[in-house]
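Residue numbers (our numbering), protein chains in the order written: chain A, 1 to 115; chain B, 1 to 115. All residues carry an ideal CB built from backbone N, CA and C; glycine is no exception. These notes concern the structure reproduced below.
There are 2 protein chains.
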Amino acid sequence: MKIGELSRRTGVSVRMLRYYEGEGLLAPLRTNSGYRDYGLAEEETVRRIKMLGGAGMTLETIKRLLPCVRNNDPAFTPCNELRKILTQQVGLIDERIETLSQSRTILAGFLASVN
Amino acid sequence: MKIGELSRRTGVSVRMLRYYEGEGLLAPLRTNSGYRDYGLAEEETVRRIKMLGGAGMTLETIKRLLPCVRNNDPAFTPCNELRKILTQQVGLIDERIETLSQSRTILAGFLASVN
DNA sequence: CTTGACCCTGACAGCACTGTCAGACCTTAC
DNA sequence: GTAAGGTCTGACAGTGCTGTCAGGGTCAAG
């Protein structure tokens, strides 16, 4: 399928679809005339990228993670990295939450002192 | 005092001190030769900016907030905005925490499924 | 008068995307 | 064959800071 259709089907903008490719996350075939030609596998990949991105991951991180989940037999992917990256990401999120909580406390303190 | 000293005293980089000024948060006097000349009031302002920024606020937001806390009689500042902005900010932080929590859940789910 | 430390302005770079525009080609259908 | 709609590449803009560099002036000490 062409890029416009993929965009419609996945809800990812044409711009971002091209960007993913530029970042090495996607490598669709090309027609003779140079049009990108996506298959169902690519569509699935885009959905995964979208999901992982929705979980706050950088494209860079997703790129490292993608080879581990590309095929559908999760248990057999030779990816020792997977757990490591995932764990790392959770830690990162926890840090951010911690920072925000501290900020919240400070602000709430201000608010209370203005009563 | 000159910018270098203020930087040392507050721990805010010279670069950022000038940036604050560009954004309209600070307006130090100038010596004849054009050097910025900061007083104690400015130093106090910088500390406030730093604190508010540390609480995750945008300079833009801080700028709106600053007039409300500049002088030292908090109760009398004619700033109905203060509470509003502060409340808004807390709400914003809560949203971000919520988003991150959701991401965390997703990632933890992945992690569990890889066991 | 020279040296070194400090200050000035202006501009470029980087992060991690995301939108938009320009100029040009392709495809499909009427 | 022409018009509409889709696609291509490349580049600039904007977010919210923050570092760094270039080219040049200032100030105090020796």
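Residue i, DSSP secondary structure in three states
i	result
Leu116(B)	This structure does not reach residue 116(B), given that chain B is present from 1 up to 115, and the question cannot be answered.
Contact set between residue i and chain A, taken where Cβ atoms lie within less than 7 Å
i	result
Thr87(B)	Leu111
Residues that residue i contacts on chain A, provided the C-beta gap is smaller than 8 Å
i	result
Ile106(B)	Met51, Gly54 and Ala55
Given 8 Å as the limit, is there contact between the region 83-96 of chain B and the region 5-24 of chain B, that is, 3 or more CB pairs closer than that? no
Please identify, using Cβ separations under 9 Å, the residues of the region 90-103 of chain A that lie next to chain B, in order along the chain. Val90, Ile93, Asp94, Arg96, Ile97, Thr99, Leu100, Ser101, Gln102 and Ser103
Taking beta-carbon pairs under 7 Å, can you tell me which members of the region 55-72 of chain B lie near chain A? Ala55 and Gly56
Suppose only complete runs of 4+ residues qualify. What are the alpha helix (DSSP H) ranges in the region 45-105 of chain B, listed by chain order? 59-69
Between the region 90-102 of chain B and the region 95-108 of chain A, can you find at least three pairs of beta-carbon atoms closer than 8 Å? yes
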